[in-house]
Every structure is written in C-alpha cells, then in structure tokens.
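Asker: Just so you know, the sequences run in chain order A and B.
First residue of the first sequence: 1, per the numbering used here; consecutive thereafter.
First residue of the second sequence: 1, per the numbering used here; consecutive thereafter.
Glycine included, C-beta positions come from ideal geometry on N, C-alpha and C.
Could you have a look at this structure, given as structure tokens, before my questions?
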Amino acid sequence: MKKNKLIALFVLIPCLVFAQQEYSNIMLSSSEEQTLYFYDYQPDLIIKADYSEMSEAENKYPEQLMQSVLSATNQEWVDYNTLGGAERSDQKPTSHFEKIKSMDKEKNYFELHHKLTFNVGEIPTAIIKFFIYQDDSPPISGAMVMQNVNGRWYKGSDASLSSLSIIVMRLKSDVLGGVILGDSNDENINDLRNRVTTESGVELLKLEAEFTSWYSPVRNEGQLNLYIDSETW
Amino acid sequence: MVTYKKILKMSKQTAFIVFIFISNVSFSQVDYNEFKGEKSKISFTKAFTFANLYDYKVNAFHLDSLVVGQFDSNYSESILTKKYSEELSVNTDDVVAFTIVLYSKLSIDIQDIRHDFIKYKTNNEGEISEMKILVIVKNDNAWEENVVETKEINVLKEVLLNSDVDLLFEFYGSGDSSDYPEINALKPLTKDANGALIIEKLHQVLKDNQSSLSKYLDE
Numbered sequence: 001m002k003k004n005k006l007i008a009l010f011v012l013i014p015c016l017v018f019a020q021q022e023y024s025n026i027m028l029s030s031s032e033e034q035t036l037y038f039y040d041y042q043p044d045l046i047i048k049a050d051y052s053e054m055s056e057a058e059n060k061y062p063e064q065l066m067q068s069v070l071s072a073t074n075q076e077w078v079d080y081n082t083l084g085g086a087e088r089s090d091q092k093p094t095s096h097f098e099k100i101k102s103m104d105k106e107k108n109y110f111e112l113h114h115k116l117t118f119n120v121g122e123i124p125t126a127i128i129k130f131f132i133y134q135d136d137s138p139p140i141s142g143a144m145v146m147q148n149v150n151g152r153w154y155k156g157s158d159a160s161l162s163s164l165s166i167i168v169m170r171l172k173s174d175v176l177g178g179v180i181l182g183d184s185n186d187e188n189i190n191d192l193r194n195r196v197t198t199e200s201g202v203e204l205l206k207l208e209a210e211f212t213s214w215y216s217p218v219r220n221e222g223q224l225n226l227y228i229d230s231e232t233w
Numbered sequence: 001m002v003t004y005k006k007i008l009k010m011s012k013q014t015a016f017i018v019f020i021f022i023s024n025v026s027f028s029q030v031d032y033n034e035f036k037g038e039k040s041k042i043s044f045t046k047a048f049t050f051a052n053l054y055d056y057k058v059n060a061f062h063l064d065s066l067v068v069g070q071f072d073s074n075y076s077e078s079i080l081t082k083k084y085s086e087e088l089s090v091n092t093d094d095v096v097a098f099t100i101v102l103y104s105k106l107s108i109d110i111q112d113i114r115h116d117f118i119k120y121k122t123n124n125e126g127e128i129s130e131m132k133i134l135v136i137v138k139n140d141n142a143w144e145e146n147v148v149e150t151k152e153i154n155v156l157k158e159v160l161l162n163s164d165v166d167l168l169f170e171f172y173g174s175g176d177s178s179d180y181p182e183i184n185a186l187k188p189l190t191k192d193a194n195g196a197l198i199i200e201k202l203h204q205v206l207k208d209n210q211s212s213l214s215k216y217l218d219e
C-alpha cells in the first residue's frame, strides 16, 4: 500500500469514529424465565428510621435497604443506597435531610405489604410494595425496586421493571400471591391466573396487557374492585 | 393488613394496642431470612436501555474501513488496536503488512454498563482471518476488553457474528422488503410486543436459517 493511501486511511479513521452517534437506533430486548419468590408480610412489616449512621446500614437484605433509605441523613448516604452511586442517585436538598433528622420516627415509617424476588439476568432483584406514613397525612403507596450487586442491596431503576412495579404496588396481596403461586380458592383470582400464566410461569407481558385492559379504553370497575387495592394511588 | 384508614376506624383503645404491637415488631429483632417467600416462575422480556448499530463501511463512504495504526484511548476501537499492537507496529509509512478490517459495531448498555461488540477480520500479508468479535466494556470511564462471560454476552456475540447491520435492520423494520422475502417470513418470530428484537429468539432464528440467510451476510 502506498504512502498516499496510508495518509488517506489515517484521516479516514478519526472521521469515521467521530461520525458515530450517541443515540439508540434499534430496540433490543432479552427474554428470561426466572424462578420467582412471593412473600406476603403478615402482619405488615413496619420499618422505621432506626439507623443513626450510614455505617450501621449493611443492606444485606432488601428490608435493611428500605430502613437505610428511610434513615439517610446526608447525600453520601443516599448515594450509598443507590445502584450506580452519585451518578444515579436523587440529589436531595439540605432541607430534606433536616426534615429526616427532626422527624418523629413513630409517625414516619414504611409499612411493607408484599415482596417479589427474582433474578434479572444474573442480578438478584426485589420489588416491595409499601405504604409510607408521614406524620398525620394519609399513607401513600409505593413499590421499591432493589438489586443486589456484590452482596449488597441497592435501589435500582431498571426501566424494564417499571410496569411490573406499578402492578406490584396496585394489586391486592392475596390477588398477586394467588396469581403467582396458584394457591387461591378465589375463582376470580384463579381466572386471572389462567389468563396470564403459561408453562413458563406468570408471563409478564400477558399480566401487563390484562392490567392495562382494566383501565383502558374504559375503566372496568368490576375488574378493578376484584383485583386492585383501593388504597393505592 | 393494618392500614391508616383502618386504624382510624378502631376505638382509641384498640388503636393503642395495634400501635404497641407495631412498635414491638422492632426491626432489629427480625430474622430477614423469614422473608424469602414461596417459589414460582416468571417469564418476561427486559429492554436494553441503549442499543446502537454502527456500520463502518457505510459510514466510511464505501471506502475500506481498514485500520493500520493505533486508535486514541477515548474510543473503544483502541482496545482492538492495542490487542494487535505488535502486528500493527510492523506497518511503516511505505508498507502496510497488517490491517484490521472493521465491519460493524453494536454498542449496548447491559446493566447500565456500555458494551461495544466490534466485528472485524485481520489481514496479515494477505492471510485473512475468519470473522471475529471483540467485546469491549467501559468501566470507570475507561475502555477495556471484556472478560466476563455471560449467557447474554455470548448470545449477542453470536447474533452479530451470524448477521450484519443491514440484515438486523431488516429484521427490526416494521415493513417488509421485497428484497428480503426470507426475513419477511421470519421477523414476526423475533419480536416482542413493543417491536423490540428479542435477542434469544433472533439468535435461534439466525441459527436455524443460516443457509437461507447467508447470502445477505458480510463477506
């Protein structure tokens, strides 16, 4: 190869690299069949902000992480609880931490209702349905997605799990448990299970489609009354 | 289930008892292993948050995408050129003995970590290698060769090895093309409800239909 061609190539390669774009141009997904564990906290498990220092929060269990989340009194602690650390964590204002430090722990706490645990790829993942109680305000429902990396649980934000977390939050515990475990004596719950389950277990796409059909194109109050926890948002 | 509204409905005395009970389920006394639950199964598809297919040839305006020297370390390709630094070092301004031919690159975020799959061949004084894939990963803002073998990474490697950019976009596109009748028939088998290509299904389809699809592949 001659010198002039070589020069052309050296010019070409950097241009070629700079031409690469930082955007998605194709949607890819991965299908998984995973073992799933369902746990119904009976009675509902109360978690309070009992950690006073970050060093007390080992976060070896999802419930410990939730306690750590509720107890966090500085940004470093918030980062510690979050998968991806400071780059991914919510940036909280100082006023937030002042509120945490001064809040009445007996009136501000999590009430855990049920939990799913399964792997996403090779990462242990848990989704917990909870209500947060804040002073004398009505409780607000939520679902926290957590993932375990190197033995420690973190708050995660896997986009693939956003619809599942809403379903986990809104379904009644006996409905979700019955659908997943197939141990319900309720005919309506078993009907739902039959609609969303294949030999591969609960098929999330079917469950999502079923869930969406209760709200759209028109609200199906009958189905909502059967399956949805009316105290969730 | 003890909820706020239910507590309000109780008599003050009952509420007090419930409150004491709640307080007594002190977290420090809990055995976390009790919360494992009962076993079942779930199947789902997980979307990759970022995926970009890059065709070196198209973007090089139909010139050969030949690499004869080292890339800057800002680019994942630098790990590929470093891998062949000894071979590339024999090239001079006048004579090129060793080249890397770049074909395509899949950039994808796996568990929020950028992975680049680079498909290439080497040409060592006319001796052309088979098609290869190098997986490069960005850790702490620096590129390095991936050393972690997972099922997902292996599937992606084989998908890229058994396809090319044009073929993958034909599978991905919503419309059919008369130039690719085999792909038109196969593409519904590879997609999820959102139109994303499911890599495991794509992998299987590419594997099962290698002979009929081979005419579309990079030479």
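1. Judging by CA-CA distance, which residue of B:Lys187, B:Glu158, B:Leu202 and B:Ile183 is the nearest neighbour of B:Lys215?
2. What does the alpha-carbon distance come out to for the pair B:Ser26 and A:Ile46?
3. Compare the C-alpha of A:Gly222 against each of A:Asn188, A:Phe97 and A:Ala209 and name the closest.
4. Can you tell me the Cα-Cα spacing of A:Glu59 and A:Ile123, whole angstroms?
5. Residue range of the alpha helix (DSSP H) that A:Pro43 falls in?
6. At which residues does the beta strand (DSSP E) containing A:Gln147 begin and terminate?
7. Taking 8 Å as the cut-off, does the segment 23 to 38 of chain A touch the segment 199 to 212 of chain A (at least 3 CB pairs, one atom from each stretch)?
8. Give the C-beta separation of A:Ser141 and A:Trp233 to the nearest angstrom, bearing in mind that I take them to be a contact with Cβ-Cβ under 8 Å.
9. What did DSSP end up calling A:Ser184 once you bin it into helix, strand or coil?
10. Could you tell me whether the Cβ of A:Glu221 comes closer than 8 Å to any Cβ of chain B?
11. Could you tell me the boundaries of the alpha helix (DSSP H) in which B:Gly195 lies?
12. Let me check one thing: in DSSP terms, what residues is B:Arg114 bridge-paired to?
13. At a CB-CB cut-off below 7 Å, which residues of chain A make contact with B:Tyr172?
14. Within the 8 Å Cβ cut-off, does B:Leu217 reach chain A?
15. Listing by chain order, which chain B residues have their CB less than 7 Å from the CB of A:Ala159?
16. Cβ of A:His114 within 8 Å of Cβ of A:Ser68?
17. List, in chain order, every chain E residue whose beta-carbon is nearer than 8 Å to that of B:Ser43.
18. For B:Trp143, report the span of its beta strand (DSSP E) as first-last.
19. How would you label A:Thr117, buried or exposed, when you count the other beta carbons within 10 angstroms and need 16 or more for buried?
20. Would A:Met54 and A:Met144 qualify as a contact pair, given that the criterion is a beta-carbon distance under 8 Å?
21. Determine the burial state of A:Pro217: buried for a count of at least 16 other Cβ atoms within 10 Å of its Cβ, exposed for fewer.
22. Can you tell me which of the three DSSP states B:Asn124 falls into?
23. Closest by CA to A:Phe131, which one among A:Asn108, A:Met146, A:Tyr227 and A:Asn119?
24. Could you give the C-beta distance for B:Glu125 and B:Ala97, rounded to a whole number, given that I count them as a contact under 8 Å?
25. Taking the continuous alpha helix (DSSP H) assigned at A:Pro93, which residues delimit it?
26. In angstroms, rounded to a whole number, what distance separates the CA positions of A:Pro43 and B:Val137?
27. Among B:Val30, B:Ala47, B:Lys41 and B:Ser43, which one has its Cα closest to the Cα of B:Leu197?
28. Apart from the five residues just before and just after B:Val165, which ones in its own chain have a Cβ nearer than 7 Å to its Cβ?
29. What number of angstroms, rounded off, separates the C-alpha of B:Phe171 from the C-alpha of A:Ile26?
Answerer: This is what the structure holds:
1. Selected option, being the one with the closest Cα: B:Ile183.
2. With a pLDDT of only 45 at B:Ser26, under the threshold of 50, the placement of this residue in the model should not be trusted; the figure read from the coordinates follows. Near 8 Å, if we compare the C-alpha coordinates of A:Ile46 and B:Ser26.
3. A:Asn188
4. It should be noted that the sequence gives Asn, not Glu, for residue 59 of chain A. Rounded to the nearest whole angstrom, the C-alpha separation of A:Asn59 and A:Ile123 is 15 Å.
5. Unbroken run through A:Pro43 is the beta strand (DSSP E), Leu28 to Lys48; no alpha helix (DSSP H).
6. Ile140 to Val149
7. yes
8. 6 Å
9. coil
10. no
11. DSSP places B:Gly195 outside any alpha helix (DSSP H), giving it a letter other than H or E.
12. B:Asp109
13. Those are Ile26, listed as they occur along chain A.
14. No - not a single Cβ of chain A is within 8 Å of the one on B:Leu217.
15. Ala47 and Thr49
16. no
17. Looking for chain E here will not work: the only protein chains present are A and B.
18. Ala142 to Glu145
19. buried
20. Cβ distance not < 8 Å, so A:Met54 and A:Met144 don't count as in contact.
21. A:Pro217 is classed as exposed because its beta carbon has fewer than 16 other beta carbons within 10 Å across all chains shown.
22. strand
23. A:Asn108
24. 5 Å
25. Premise fails: A:Pro93 is in no alpha helix (DSSP H) and is neither H nor E.
26. 45 Å
27. B:Ala47
28. Excluding sequence neighbours, B:Val165 sits near Leu53, Asp55 and Ser104.
29. 10 Å
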